[in-house]
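Going by the working numbering, the first residue of the sequence shown is number 25, and it counts up by one from there.
For reference, the structure is listed below as structure tokens.
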Amino acid sequence: MRELGVLMKKELREHIRNYKVLWIPIVFIIFGILQPVSNHFLPEIMQSVGNMPDDVEFVWPELSGEDIFYSLVGQYQIVGILVIILAFMGSIAGERKNGTATLIYIRPMSFRNYFLSKWLVVNGVVLSSVWLGFFAAWYYIAILYNNLNTKDAIAFICTYSLWIVFVVTIVLALSTMLPTGGVAATAILITIVYPVIESIIGAYWTVSPWKLSSYANDWFIHDIDRMNLYKSAVLTVIAIVFLIIVGISMSRRNASKTTI
């Protein structure tokens with residue numbers, strides 16, 4: 025436990041020095057604020073700059089606070105995940121390439137603690153950013169739309185957070201196996217491109233980690249069977265554990281590839 029704590033402090037200091045603990049939350053907060061504000065004022069903006077005839081009335085569908093909250097997921101699914109990939113794709117691969125890992129590997133160290141220290145700190149940074157973004161959106165939704173049910177909103181955020189942990193684990197596991205560029209390309213294919221493909225062909229199955237982000241909206245729909253959500257959540261947890269085991273194993277196996 026002491027070794028894990030030391031490695032976590034090292035990771036946290038690194039993320040403080042490169043300002044990831046600052047700019048990543050800012051990105052999520054900005055999108056969290058923009059989503060409800062831009063949707064609220066969009067009809068007025070379109071009416072004023074849309075060059076529409078005076079006798080034409082611009083009709084914008086009425087959206088509830090729950091609709092806006094869920095639409096924020098669409099922003100995070102692209103921009104948010106890209107931020108996660110680009111920020112942490114070199115967490116392990118980068119250290120092997122620039123030789124930084126040599127300073128760690130020459131000491132008696134558990135590769136389990138090495139991987140878990142990165143996994144815990146990165147998830148701490150990312151999840152706090154995601155939660156701050158959702159809370160910022162929640163605040164403006166309460167002002168501009170309607171109050172969200174607290175229990176449903178928290179369940180929604182927790183469900184989406186599990187998907188984010190899955191994404192982080194994929195990125196870190198890939199970082200133990202591939203060079204930095206390969207991590208970015210493969211992670212984008214798995215976490216951004218594949219969900220689009222699954223939305224097209226995924227009607228043939230209802231349980232998948234990639235469906236978890238869309239199932240989060242089920243918490244705002246009462247009298248609905250959430251069994252697929254629960255099964256997908258369990259499958260996601262199993263996948264996360266499996267990827268952690270793979271990450272630890274590959275960290276040990278590829279330690280010899282570190283640049284000296």
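Beta carbons are placed, not taken as given, at the ideal position from N, Cα and C, and that holds for glycine.
Every value quoted in this text rests on a predicted model; they were computed, and no experiment measured them.
F158 is the residue among F65, F158, L253, I69 whose C-alpha sits nearest the C-alpha of L96. The Cβ atoms of V191 and M113 lie no closer than 8 angstroms to each other. Under a 10 Å Cβ-count criterion, A117 is classified as buried, with 16 or more other Cβ atoms of the shown protein chains found around its own Cβ. Between the C-alpha atoms of I188 and V261 there is a straight-line separation of about 12 angstroms. Distance from the Cα of E90 is smallest, within the candidate group E119, I224, Y163, for Y163. Separation of the CB atoms of M133 and E27 is rounded to 7 angstroms, and the pair is thereby assigned contact status at 8 angstroms.
In the three-state reduction of the DSSP assignment, G114 falls in the coil class. Residue environment analysis places L236 among the buried positions, since at least 16 neighbouring C-beta atoms fall within 10 angstroms of its C-beta. Relative to the Cα of Y94, the nearest Cα in the group N241, V145, G56 belongs to N241.
The beta carbons of S141 and L31 sit about 4 angstroms from each other, so the pair counts as a contact at 8 angstroms.
In summary, Y43 is exposed, with fewer than 16 beta-carbon neighbours lying within 10 Å of its beta-carbon over all protein chains present.
Distance from the Cα of S62 is smallest, within the candidate group I165, L36, M251, for I165.
Per the coordinates, the alpha-carbon of P85 lies some 11 angstroms from the alpha-carbon of H64.
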